[in-house]
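The listed protein sequences derive, respectively, from chains A and B. With the working numbering as the guide, the letters of the first sequence map in order to residues 1 to 111. With the working numbering as the guide, the letters of the second sequence map in order to residues 112 to 222. Note that CB positions come from ideal geometry on N, CA and C, so glycine has one too. Inspection log for the structure reproduced underneath, given as structure tokens.
2 protein chains.
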Amino acid sequence: MLHDPAQLDLMFQALADPARRQMVDRLSRGPASVSQLAEPLAMSLSAVVQHLNVLEASGLVRTEKLGRVRTCRIEPQALRAAEHWINERRLAWERRLDRLGDFLAETKDET
Amino acid sequence: MLHDPAQLDLMFQALADPARRQMVDRLSRGPASVSQLAEPLAMSLSAVVQHLNVLEASGLVRTEKLGRVRTCRIEPQALRAAEHWINERRLAWERRLDRLGDFLAETKDET
DNA sequence: ACAATAGTGAAGTAGTTACTTCAGTATCGA
DNA sequence: TCGATACTGAAGTAACTACTTCACTATTGT
Numbered sequence: 001m002l003h004d005p006a007q008l009d010l011m012f013q014a015l016a017d018p019a020r021r022q023m024v025d026r027l028s029r030g031p032a033s034v035s036q037l038a039e040p041l042a043m044s045l046s047a048v049v050q051h052l053n054v055l056e057a058s059g060l061v062r063t064e065k066l067g068r069v070r071t072c073r074i075e076p077q078a079l080r081a082a083e084h085w086i087n088e089r090r091l092a093w094e095r096r097l098d099r100l101g102d103f104l105a106e107t108k109d110e111t
Numbered sequence: 112m113l114h115d116p117a118q119l120d121l122m123f124q125a126l127a128d129p130a131r132r133q134m135v136d137r138l139s140r141g142p143a144s145v146s147q148l149a150e151p152l153a154m155s156l157s158a159v160v161q162h163l164n165v166l167e168a169s170g171l172v173r174t175e176k177l178g179r180v181r182t183c184r185i186e187p188q189a190l191r192a193a194e195h196w197i198n199e200r201r202l203a204w205e206r207r208l209d210r211l212g213d214f215l216a217e218t219k220d221e222t
């Protein structure tokens, strides 16, 4: 579920926008209402709600409405999934370099 | 340099596209030429070159031309920067949850 | 020298994205 | 109950993105 390619797609797409990353950054410091999220951003509330919907669809953020206030919070598992994708690729590359290094060291021994 | 917000922007934007992630995935298994990168993708060579340019501008991929072959390889430091951004936010959130848990445990003791 | 290979670059286009404004609906607080 | 608050939703638009095709250049193998 976490590694569903379609979900991964939505997550990276969501993180591609600076305003949305700013929102995630804000939420990493604790839950916030829509207006609180909007406050530091130079755009209309409507625009913020649209960004929020993208974040929610991607699974990176979960929201909950109580009365007239929608409270938003980060979904750390989703962040972990994106992190994991990058990490796997980087590690694959680095392991490859290590093997290459070992190989070169060995062939040097054989001189 | 690694944490330059503009560079981070380019990186996440680059990772947002599935074709580009597929290219990064391929490159994580070792260097490849443009045609090798293009081979599994259902699009023209020109389109692949355009994606490659995005990846290169983002710093995620470095390329080097020898003769008529452009060889592409992953830049693990750039991947690490993206990874790091996500990790920091997730950890901030999780530390917050821990502190909250401690607080709740303490106030429970005080009954 | 010549054909095949490997990639480059420009122009065009359909679809998407990131906004805007404006008009609306709940909910809350005095 | 009535005004202020906190969103919500639709419609429009300008800019951007992910392609395409086609014409082109440089390099390589025979």
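Buried versus exposed, by CB contacts within 10 Å (16 or more), residue i
i: A158(B); result: exposed
i: M112(A); result: As displayed, chain A neither begins before 1 nor continues past 111, which places residue 112(A) out of reach and without an answer.
i: Q50(A); result: exposed
i: S146(B); result: exposed
i: T111(A); result: For T111(A), the predicted structure reports a pLDDT of 48, less than 50, and the residue's modelled location is therefore unreliable. The matter cannot be settled from this model.
i: M43(A); result: exposed
i: A216(B); result: exposed
i: A6(A); result: exposed
i: R29(A); result: exposed
i: L37(A); result: buried
Three-state class that DSSP yields for residue i in the structure shown
i: E194(B); result: helix
i: L177(B); result: strand
i: R73(A); result: strand
i: A189(B); result: helix
i: L155(B); result: Contrary to the premise, residue 155(B) reads as Ser rather than Leu in this sequence. In this structure, S155(B) counts as coil in the three-state DSSP scheme.
i: A32(A); result: strand
Beta-carbon spacing of residue i, residue j below 8 Å
i: P129(B); j: D4(A); result: no
i: E194(B); j: R90(A); result: yes
i: L27(A); j: R73(A); result: yes
i: P187(B); j: W93(A); result: yes
i: L41(A); j: Q22(A); result: yes
i: Q124(B); j: A14(A); result: no
i: R173(B); j: S144(B); result: no
Inset, instruction - Tell me, please, whether the segment 163 to 174 of chain B touches the segment 200 to 211 of chain B by the rule of three or more beta-carbon pairs shorter than 8 Å. - result: no
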